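What follows is a set of notes on a single structure, which appears directly below.
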Amino acid sequence: MSQDDLWDRIGAVNAGMLDATGGTRSVPMSHHADREARTLWFITADGTDIVDALAKGPTAASYIIAEGSTGLYAHLHGNLALSHDADKLDDVWSAAADAGFKGGK
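Everything in the sequence shown is counted per my numbering, starting at 3 for the first residue and increasing by one.
Below, the structure is given as structure tokens:
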């Protein structure tokens with residue numbers, strides 16, 4: 003599968019398993035795919051294992067997607083970093099995020 007094919011299909015997938023390599027256990031996360039930037043965005047709360055693992059800066063991470071209905075099975079590797087960009091949060095906020103964060107953004 004080419005990278006273009008991956009980015010075409012990943013937007014139809016709602017979630018996967020994310021971990022900060024060597025620092026956390028894998029946790030289910032929803033993602034927002036930014037095809038142009040070739041970036042996945044995740045929303046999590048302060049105090050989570052992933053946020054704590056990133057306290058000293060960006061780290062390697064992996065994200066596993068297994069979506070039978072679309073036939074997409076992928077193990078992605080990249081770098082994970084924290085962002086506190088309120089405008090970006092507004093951009094990636096979704097119904098899934100709204101359901102997971104009862105207190106809102």
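Quick reminder that beta carbons are idealized off the backbone N, C-alpha and C, glycines included. Note that the structure is predicted; figures quoted are calculated from it, not measured.
For residue 36, the uninterrupted beta strand (DSSP E) segment begins and ends at 34-36. Taking C-beta separations shorter than 6 angstroms and ignoring five residues to either side along the sequence, the partners of residue 79 in its chain run 64, following chain order. The DSSP assignment places 51-55 as complete runs of the alpha helix (DSSP H) inside the stretch 32-72, in order along the chain (cut-off: 4 residues).
Annotation for residue 101: the continuous alpha helix (DSSP H) segment containing it runs 97-102.
Per DSSP, the continuous alpha helix (DSSP H) segment holding residue 88 begins and ends at 88-94. When the alpha-carbon of residue 47 is set against those of 85, 7 and 15, the nearest one is in 85. One Cα belongs to residue 61, the other to residue 88, and the distance between them is close to 22 angstroms.
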